[in-house]
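Protein chains: 2
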Amino acid sequence: MIEYPRLTADLVVLTIRDDRLKVLLVVRGRQPFKGRLALPGGFLEHGESLEETAARELFEETGLDADRLHLKPTGIYSDPERDPRSRVITVSYLAIAPNLEMPSPGDEILSTDWYEVDDDLYMNLAFDHARILEDALEQARALLEQTSIGTTFCKEPFTISELRRVYEIIMDIQWNQGNFQNKVLGIEGFLEYSGEKGSKGPGRPGKLYRAGPVRKLNGLMKRPKTAGTLVEG
Amino acid sequence: MIEYPRLTADLVVLTIRDDRLKVLLVVRGRQPFKGRLALPGGFLEHGESLEETAARELFEETGLDADRLHLKPTGIYSDPERDPRSRVITVSYLAIAPNLEMPSPGDEILSTDWYEVDDDLYMNLAFDHARILEDALEQARALLEQTSIGTTFCKEPFTISELRRVYEIIMDIQWNQGNFQNKVLGIEGFLEYSGEKGSKGPGRPGKLYRAGPVRKLNGLMKRPKTAGTLVEG
DNA sequence: AAAATAGTGTCTATAAGACACTATTAA
DNA sequence: TTAATAGTGTCTTATAGACACTATTTT
Chain A
1 MIEYPRLTAD
11 LVVLTIRDDR
21 LKVLLVVRGR
31 QPFKGRLALP
41 GGFLEHGESL
51 EETAARELFE
61 ETGLDADRLH
71 LKPTGIYSDP
81 ERDPRSRVIT
91 VSYLAIAPNL
101 EMPSPGDEIL
111 STDWYEVDDD
121 LYMNLAFDHA
131 RILEDALEQA
141 RALLEQTSIG
151 TTFCKEPFTI
161 SELRRVYEII
171 MDIQWNQGNF
181 QNKVLGIEGF
191 LEYSGEKGSK
201 GPGRPGKLYR
211 AGPVRKLNGL
221 MKRPKTAGTL
231 VEG
Chain B
234 MIEYPRLTAD
244 LVVLTIRDDR
254 LKVLLVVRGR
264 QPFKGRLALP
274 GGFLEHGESL
284 EETAARELFE
294 ETGLDADRLH
304 LKPTGIYSDP
314 ERDPRSRVIT
324 VSYLAIAPNL
334 EMPSPGDEIL
344 STDWYEVDDD
354 LYMNLAFDHA
364 RILEDALEQA
374 RALLEQTSIG
384 TTFCKEPFTI
394 SELRRVYEII
404 MDIQWNQGNF
414 QNKVLGIEGF
424 LEYSGEKGSK
434 GPGRPGKLYR
444 AGPVRKLNGL
454 MKRPKTAGTL
464 VEG
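Protein sequence lines, in the order shown, are assigned to chains A and B. Using our numbering, the first residue of the first sequence is number 1, and each one after it goes up by one. Using our numbering, the first residue of the second sequence is number 234, and each one after it goes up by one.
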């Protein structure tokens, strides 16, 4: 009798809330790892592609609609010992969202929320989800420099300062305001002016932009070599 | 009765032979797609990780030893219809090799060889292997600019001109000889001088180098913006 | 000697980054 | 009117790339 491995899809959904990079997690309501934090995800069902599995599980476990997100496969984890029950192979998907509503827990889930990514969090994740999260974050940081993925953290339309804040938080550095502005406006097709202005605080309101058609940034938006550390707050 | 998908690992093994980018393929000896070209690969067996599957299948089908290669997972293909027999999900691995010996076909394989990558080849591949190959090639080209993967195409020790030829063939452009030399020698930890010189043709023999410890090139080695087209031959 | 490739350096155009100054809003 | 942020431009420095010249080998 051959032991067929079962397949799951897990999601690393990132967003920025309260000026911090956060990841969507659930508290498991079932064994194994009952009561522990985990990435949302679950088993492949008949006739589904794995991306469909990911979208379905996201909705079932957290109530979030994957149609608004772009799912990008980031890794596969096939260590025979990674699940204590039986052989389970998982595929991880990365998704990035603007600051969304609070998720609501589905069946078999005790709670779900956005969690700040820090060392403490890594210690508390079920299965090998710390490893999966770490790999996905590394990819997200690489994509930030190479693609226009940064704009997907912002609710459209957004100001250049909101976009700059995204880069500052994820790269953990401080960008020069004027240079950042010149830089992104100099990349043709990166941003599209919406024709409006907007303000979410004191000071002169900035022009509001949408993401342009360009996806590959070809290494523009790399972190400045002489980057200062991010000033907290 | 739930239909469990079965899992395979497929390999995209690239090399440069006869001044051309080539990929390792097999001619299938079994249905489906008997007599057709395909990527080497096969089913996961009990207790294996998928990377172990890839290494084992590579050896069984082509006689090549994966210990000398670095396998990098590049994609997952889970379309329910991708295999005409039954549900099969495959994970693709990219490996890059210096010009190796000829492979020798294993059981269930009619023949195996290195094939030049061109449009004609894509038309003749079994399953969705054209898509898998295409994705892997795109990744390999990206890795060439961002990492030191280019050196793995060269048998150590190698001259800078041999390395330049790799970049020229894969990027399909011509590099200025002097500038390329200055550039790679200027990247600390990229190349290590072996202390020797070598010649494989007329002209002054070049110094022989090995790959240095640096893996991430952080966007150095990008194609020159003003690149001329590669002169054939 | 001629042909071929390796190695080195210089010059120029471009881009990255520091920084200052002006503009426009809220308080 | 002051504080805060947006927008623009200038200057400096670093880097990319063109190109030329020297060096070392085979034929």
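Even for Gly, the Cβ is constructed at its ideal location relative to N, Cα and C.
Short Cβ contact (9 Å threshold) for residue 305 (chain B) with residue 327 (chain B): In the second sequence, residue 305 (chain B) corresponds to position 72, counting from 1. In the second sequence, residue 327 (chain B) corresponds to position 94, counting from 1. Using a Cβ distance threshold of 9 Å, residue 305 (chain B) and residue 327 (chain B) count as a contacting pair.
Where the beta strand (DSSP E) through residue 29 (chain A) begins and ends: As a position in the first sequence, residue 29 (chain A) is number 29, starting the count at 1. Per DSSP, residue 29 (chain A) lies in no beta strand (DSSP E) segment and is marked neither H nor E.
Residues near residue 108 (chain A) in its chain [Cβ-Cβ closer than 6 Å; skip 5 each side]: Locating residue 108 (chain A) in the first sequence gives position 108, counting from the first residue. Spatial neighbours of residue 108 (chain A) in its own chain (CB-CB distance under 6 Å, excluding positions within 5 residues in sequence) are listed in chain order as 29, 30.
Distance CB(residue 295 (chain B))-CB(residue 273 (chain B)) smaller than 9 Å: Here residue 295 (chain B) corresponds to residue number 62 of the second sequence, with the count starting at 1. Here residue 273 (chain B) corresponds to residue number 40 of the second sequence, with the count starting at 1. Here residue 295 (chain B) is near residue 273 (chain B), since their CB atoms are less than 9 Å apart.
C-beta contact flag for residue 308 (chain A) and residue 198 (chain A) at 9 Å: Here chain A has residues from 1 to 233 only, and residue 308 (chain A) is not among them.
Beta-carbon contacts of residue 231 (chain A) that lie in its chain and below 7 Å, excluding the five residues immediately before and after: Taking the first sequence and counting its residues from 1, one reaches residue 231 (chain A) at position 231. In this prediction, residue 231 (chain A) has a pLDDT of 45, which is less than 50 and means its spatial position is unreliable; what the coordinates show is noted afterwards. Excluding residues within five positions, the ones whose Cβ falls inside 7 Å are 174.
Best match in B:363, B:333, B:297 for proximity to residue 269 (chain B) [C-alpha to C-alpha]: Working through the second sequence from its first residue, we reach residue 269 (chain B) at position 36. Looking only at B:363, B:333, B:297, the smallest Cα-Cα distance to residue 269 (chain B) is reached by B:363.
Whole-angstrom distance between residue 104 (chain A) and residue 366 (chain B), CA atom to CA atom: Counting from one through the second sequence, the residue named residue 366 (chain B) turns up at place 133. Counting from one through the first sequence, the residue named residue 104 (chain A) turns up at place 104. When rounded, the distance between both Cα atoms is 41 Å.
Beta-carbon proximity of residue 89 (chain A) to residue 240 (chain B), cut-off 9 Å: Walking along the first sequence from the start, residue 89 (chain A) turns up at place 89. Walking along the second sequence from the start, residue 240 (chain B) turns up at place 7. Yes, Cβ-Cβ distance for residue 89 (chain A) and residue 240 (chain B) is below 9 Å.
Residue closest to residue 346 (chain B), alpha-carbon to alpha-carbon, out of B:352, B:405, B:355, B:333: Taking the second sequence and counting its residues from 1, one reaches residue 346 (chain B) at position 113. When each option's Cα is compared against that of residue 346 (chain B), the closest is B:333.
C-alpha distance - residue 234 (chain B) paired with residue 47 (chain A), whole-angstrom precision: The residue labelled residue 234 (chain B) in the question sits at position 1 within the second sequence. The residue labelled residue 47 (chain A) in the question sits at position 47 within the first sequence. Confidence is the limiting factor: at residue 234 (chain B) the pLDDT is only 47, short of 50, which leaves the residue's position unreliable, though a coordinate-based value still follows. So the two alpha carbons sit approximately 13 Å from each other.
Any C-beta of chain B under 9 Å from that of residue 84 (chain A): Translated into positions along the first sequence, residue 84 (chain A) becomes position 84. So no, residue 84 (chain A) is outside the interface.
Exposure of residue 22 (chain A), with buried meaning 16 or more beta-carbon neighbours within 10 Å: To locate residue 22 (chain A), count along the first sequence from 1; it is residue 22. Answer is buried; the Cβ neighbour count reaches 16.
Boundaries of the alpha helix (DSSP H) in which residue 53 (chain A) is found, first to last residue: Taking the first residue of the first sequence as 1, we reach residue 53 (chain A) at position 53. Where residue 53 (chain A) is concerned, the enclosing alpha helix (DSSP H) starts and stops at 50-62.
Residue 83 (chain A), buried or exposed, once every other Cβ within 10 Å from all chains shown has been counted against 16: Working through the first sequence from its first residue, we reach residue 83 (chain A) at position 83. In the assembly as shown, residue 83 (chain A) is a buried residue. Its beta-carbon has 16 or more other beta-carbons within 10 Å.
Secondary structure of residue 350 (chain B), DSSP reduced to three states: On the second sequence, position 117 is the one that residue 350 (chain B) refers to. Look at residue 350 (chain B) here: in three-state DSSP terms it is coil, with no helix or strand label.
Contact under 9 Å by Cβ, residue 223 (chain A) with residue 145 (chain A): Taking the first residue of the first sequence as position 1, residue 223 (chain A) is located at position 223. Taking the first residue of the first sequence as position 1, residue 145 (chain A) is located at position 145. With respect to residue 145 (chain A), residue 223 (chain A) sits close: the two C-beta atoms are nearer than 9 Å.
Pair within 9 Å by beta-carbon distance, residue 184 (chain A) and residue 16 (chain A): Position 184 of the first sequence, counting from 1, holds the residue named residue 184 (chain A). Position 16 of the first sequence, counting from 1, holds the residue named residue 16 (chain A). No; because the gap between Cβ atoms is not below 9 Å, this pair is not in contact.
CB of residue 64 (chain A) within 9 Å of CB of residue 13 (chain A), strictly: Position 64 of the first sequence, counting from 1, holds the residue named residue 64 (chain A). Position 13 of the first sequence, counting from 1, holds the residue named residue 13 (chain A). Closer than 9 Å, so yes.
Neighbour-count burial assignment, residue 369 (chain B), 16 or more Cβ in a 10 Å radius: Within the second sequence, numbered from 1, the residue matching residue 369 (chain B) stands at position 136. Residue environment for residue 369 (chain B): buried (at least 16 other C-beta atoms within 10 angstroms of its C-beta).
Per-residue contacts from residue 322 (chain B) into chain A (C-beta, under 8 Å): Position 89 of the second sequence, counting from 1, holds the residue named residue 322 (chain B). Correct list: 7, 50.
Proximity below 9 Å, CB of residue 453 (chain B) to CB of residue 442 (chain B): Mapped onto the second sequence, residue 453 (chain B) falls at position 220. Mapped onto the second sequence, residue 442 (chain B) falls at position 209. No; because the gap between Cβ atoms is not below 9 Å, this pair is not in contact.
Separation of residue 19 (chain A) from residue 115 (chain A), as counted between CA atoms: In the first sequence, residue 115 (chain A) corresponds to position 115, counting from 1. In the first sequence, residue 19 (chain A) corresponds to position 19, counting from 1. Cα to Cα, the separation comes out at about 12 Å.
Minimum C-alpha distance to residue 110 (chain A) - residue among A:33, A:200, A:202, A:204: Looking up residue 110 (chain A) in the first sequence gives position 110. Taking only the C-alpha atoms, the option nearest residue 110 (chain A) is A:33.
When B:395, B:384, B:360 are compared against residue 314 (chain B), the one with the closest alpha-carbon: The residue labelled residue 314 (chain B) in the question sits at position 81 within the second sequence. From the listed residues B:395, B:384, B:360, the smallest Cα separation to residue 314 (chain B) is found for B:360.
Sequence-distant residues of its chain with Cβ nearer than 6 Å to residue 385 (chain B) (five each side left out): Taking the first residue of the second sequence as 1, we reach residue 385 (chain B) at position 152. Short of 6 Å from the beta carbon of residue 385 (chain B), and not among the five residues preceding or following it, lie these beta carbons of its own chain, in chain order: 329.
Contacting residues, own chain, Cβ-Cβ under 8 Å from residue 388 (chain B) (five flanking each side not counted): Against the second sequence, residue 388 (chain B) aligns to sequence position 155. 331, 332, listed in sequence order.
Residue 420 (chain B) versus residue 204 (chain A): straight-line alpha-carbon distance, rounded: Translated into the one-based positions of the second sequence, residue 420 (chain B) becomes position 187. Translated into the one-based positions of the first sequence, residue 204 (chain A) becomes position 204. About 44 Å.
Residues sharing a beta bridge with residue 240 (chain B), DSSP: Along the second sequence, read from residue 1 onward, the residue named residue 240 (chain B) stands at position 7. Answer is B:322.
Strand pairing of residue 430 (chain B), partner residues [DSSP]: Position 197 of the second sequence, counted from the first residue, corresponds to residue 430 (chain B). DSSP lists B:440 as partners of residue 430 (chain B).
Chain-ordered chain B contacts of residue 47 (chain A) [CB-CB under 8 Å]: Mapped onto the first sequence, residue 47 (chain A) falls at position 47. Result: 313.
Beta carbon proximity, residue 451 (chain B) to chain A, threshold 9 Å: Numbered from its first residue, the second sequence carries residue 451 (chain B) at position 218. Residue 451 (chain B) counts as touching chain A.
DSSP three-state assignment for residue 334 (chain B), whether helix, strand or coil: Position 101 of the second sequence, counted from the first residue, corresponds to residue 334 (chain B). Three-state DSSP puts residue 334 (chain B) in coil, outside helix and strand.
Buried or exposed (CB count within 10 angstroms, at least 16 for buried), residue 202 (chain A): Sequence index remark: in the first sequence, residue 202 (chain A) carries index 202 (1-based). That one is exposed.
Listed by chain order, chain A residues near residue 306 (chain B) by CB distance under 8 Å: Translated into positions along the second sequence, residue 306 (chain B) becomes position 73. Here the neighbours are 75, 76.
CB contact check: residue 115 (chain A) to chain B, cutoff 9 Å: Within the first sequence, the letter at position 115 stands for residue 115 (chain A). Not closer than 9 Å to any Cβ of chain B, the Cβ of residue 115 (chain A) fails to qualify, so no.
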